[in-house]
Amino acid sequence: MFVLMKSPLKLLLCGAFVLFSMAQVTSAQDDTVSITQKATGKSIDVIIEGVENGSVKFKMPGGNSFQVPASSLTPDSIERIKSHMERASAPSASEMEAFSELNKIIGHELFGQAKSLWEEPARDVAQRLKLRMESEKENSSSYRLYTQMEYQFLGAHPYCVTLYGGPDHKSQRFSLVFANKGDFGSRMGLGEDHFKEIYPDKEPPGDLNEAIELDAEVLTETLTTGIGAPEEQYYGEGDDRRKVTRWDFGDHAFLLSTEEDEYTSLLIVPTSNADVEGKVDFIVDADFRKMQIKNLRKEENGDVWIDNIPMVNQGPKGYCAPATFERAMRYMFVPADMYLLATAATAPGGGTNTTKLSEDCKRLCSSKARRIRELDLSEDFDLDTIRRYLDKGVPVLWQMCSLEQYNQIANDRTQERESVSDFSAWASEIESEAAQVSPTLSQVKDNFHICMITGYNEATNEVAVSDSWGPRYELRWVHLDIARAVTSRGGFVIDF
């Protein structure tokens with residue numbers, strides 16, 4: 012069994028020097044550091060326990076703990092503390108060997124040169140694992156890979172591997188989805204074929220539940236061999252609470268869960284997160300309102316739009332609804348995973364029931380005091396309705412028909428408006444176009460889709476649309492009448 016010490020560090024920029032977050036320092040690093048007080052010049056040898064929010068916490072060799080402002084210590088004291096914490100963060104030779112051995116079992120270089128994944132920039136970890144950048148915003152990031160049939164992780168085949176970064180862009184959690192309802196029996200017949208290649212000595216599963224059990228069996232065997240015996244616990248909040256099998260490796264918790272008729276999934280999270288069963292801090296409405304309004308951007312040309320909404324690439328399955336809900340939920344600080352959302356509301360082989368999805372998401376959002384409201388955009392689609400939510404930093408989820416002519420107009424006009432200097436003339440031009448094409452667009456009900464409305468321009472009568480197709484489609488502008496013409500049903504908002 013591999014045993015690693017808990018990682019202490021989270022780099023923060025504080026004033027003129029780098030500080031580290033509060034940490035548990037094990038006996039192996041309990042060597043003393045000399046610190047000197049500015050005011051008196053007095054020096055003492057102490058055991059550094061951590062630095063947080065500009066304060067140094069230390070313990071005297073006799074056992075008593077104290078906390079003082081970092082600004083009260085001399086610069087050379089700060090440098091000695093910094094050097095000490097850097098040495099404490101470096102893995103020992105035995106830890107590096109343990110990382111290397113587990114990497115071999117995983118089949119990928121998950122662990123690098125740091126003691127903990129949670130102290131590494133998500134971008135660096137993603138680069139090692141060859142995950143593609145999906146989104147990098149002020150408060151979050153994500154890297155995703157839709158795998159090929161031969162891809163393995165811990166001896167099993169995940170269809171999707173996602174790394175999420177937190178507000179500091181350090182790695183926050185991994186999500187891997189293995190056998191699942193949406194993929195089994197689909198992907199042009201490849202859904203179940205991968206079992207024949209990965210498990211040639213085992214009888215291929217005859218149905219989805221056999222596939223779920225087989226992947227869970229292989230993952231359990233591999234993790235137990237590499238780390239040791241697991242424990243059982245619950246993880247998640249509200250209706251998302253589920254029984255999981257847990258293995259700990261240092262401050263990394265591997266959480267395996269299965270849901271009959273649904274999926275096998277593996278989460279890798281900090282042990283501190285697993286210890287509290289995945290609960291996240293509650294944000295009261297007053298604080299939340301201040302946070303979201305900061306994301307509202309207002310341009311000189313009259314554009315008003317919401318920034319920092321995570322991008323999620325819906326991928327080859329066409330999970331536009333789960334991807335869009337994940338984007339909105341994560342933006343509203345409700346943890347979500349597109350693939351797991353999709354399995355709950357997807358028929359075998361594909362096809363998402365948006366009503367079922369919204370009901371499932373309502374339950375998840377309610378645990379964070381967020382409410383999903385349904386909007387009748389087919390009857391009540393105007394700037395007043397849109398502004399009611401956008402002006403407080405809340406995007407609108409919009410059900411529409413993603414027609415070829417609509418997308419061509421959105422692409423062309425978005426590109427053209429970048430060089431527009433006379434927006435009054437622009438408003439007249441696009442209004443004339445909308446009057447010509449809207450009647451034709453409104454007659455076609457096809458290519459049903461869901462995306463976001465994230466902005467508006469009252470002077471030009473335009474709305475900003477964001478699709479879950481990657482950065483290129485994050486912000487496109489269309490005339491309101493054209494958007495209204497391709498509206499299929501209604502919409503949703505996750506409000507507070």
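Taking my numbering, the leading residue of the sequence shown gets 12, the next gets one more, and so forth.
Even for Gly, the Cβ is constructed at its ideal location relative to N, Cα and C.
N-terminal and C-terminal residue of the beta strand (DSSP E) that residue 302 is part of:
Here residue 302 belongs to no beta strand (DSSP E); instead the alpha helix (DSSP H) covers 296-304.
6 Å CB neighbourhood of residue 420 in its chain, flanking five on each side removed:
none
Given that a residue counts as buried once 16 or more other Cβ atoms are within 10 Å of its Cβ, and exposed if not, what is residue 327?
exposed
Report the residue from 312, 453, 228, 337 whose alpha carbon sits nearest the alpha carbon of residue 173.
337
According to the neighbour-count rule (16 or more other Cβ atoms, all chains shown, within 10 Å of its Cβ), is residue 77 buried or exposed?
exposed
Which ranges does the beta strand (DSSP E) cover as unbroken runs of at least 3 residues, wholly within the region 368-404, from first to last along the chain?
382-386
For residue 113, would you say it is in contact with chain B, using Cβ-to-Cβ distances shorter than 8 Å as the test?
Looking for chain B here will not work: only one protein chain is present.
Contained beta strand (DSSP E) runs [length at least 3] in the region 41-89, N- to C-terminal order:
44-47, 54-63, 66-70, 76-80
Span of the beta strand (DSSP E) holding residue 269?
263-270
Considering Cα atoms alone, identify which of 504, 130, 472 is closest to residue 315.
472
Could you tell me the distance, in whole angstroms, from the CA atom of residue 253 to the CA atom of residue 233?
22 Å
Assigned secondary structure, residue 497 (DSSP; H/G/I helix, E/B strand, else coil)
coil
Would DSSP call residue 95 helix, strand or coil?
helix
Check the C-beta distance from residue 333 over to residue 368 and give it rounded, since I have them as a contact under 8 Å.
6 Å
Only counting runs of 4 or more residues, tell me where the alpha helix (DSSP H) segments fall wholly within the region 407-485, in order along the chain.
415-428, 434-453
Do the CB positions of residue 458 and residue 414 come within less than 8 Å of each other?
yes
If you count every other CB in all the chains shown that lies within 10 Å of the CB of residue 52, and 16 or more means buried, which is it?
exposed
Examine the ligand COA and report whether any of its heavy atoms sits within less than 7 Å of the Cβ of residue 460.
No copy of the ligand COA occurs in the structure displayed, which carries no ligand at all.
Could you tell me whether the Cβ atoms of residue 117 and residue 185 are closer together than 8 Å?
no
Determine the extent of the beta strand (DSSP E) in which residue 281 is found, giving its start and end residues.
274-281
Beta-carbon proximity list for residue 424, same chain, < 7 Å, skipping 5 on both sides
441, 488, 489
Nearest-angstrom beta carbon gap, residue 505 and residue 347 [assumed within contact, 8 Å]:
At roughly 10 Å, the Cβ-Cβ gap does not stay under 8 Å, so residue 347 and residue 505 are not in contact.
Among the residues of its own chain, which have a CB less than 6 Å from the CB of residue 175, if the five just before and after it don't count?
153, 183, 184
Residue 480 versus residue 438 - alpha carbon distance
27 Å
Local conformation of residue 233 per DSSP, three classes:
helix
Does DSSP put residue 245 in a helix, a strand or coil?
strand
With DSSP as the reference, label residue 158 as helix, strand or coil.
coil
Residues that DSSP places opposite residue 167 in a beta bridge:
164
Looking only at its chain, what residues have a beta carbon closer than 8 Å to the beta carbon of residue 71, apart from the 5 residues adjacent to it on each side?
55, 57, 58, 77
Residue 379 to residue 242 span [Cα, whole Å]
28 Å
Nearest CA to the CA of residue 140: which residue from 151, 163, 227?
163
Beta-carbon spacing of residue 255, residue 167 below 8 Å:
no
With a Cβ-Cβ cutoff of 8 Å, do residue 463 and residue 474 count as a contact?
no
The beta strand (DSSP E) that contains residue 325, what's its start and end?
From DSSP, residue 325 is part of no beta strand (DSSP E); its letter is neither H nor E.
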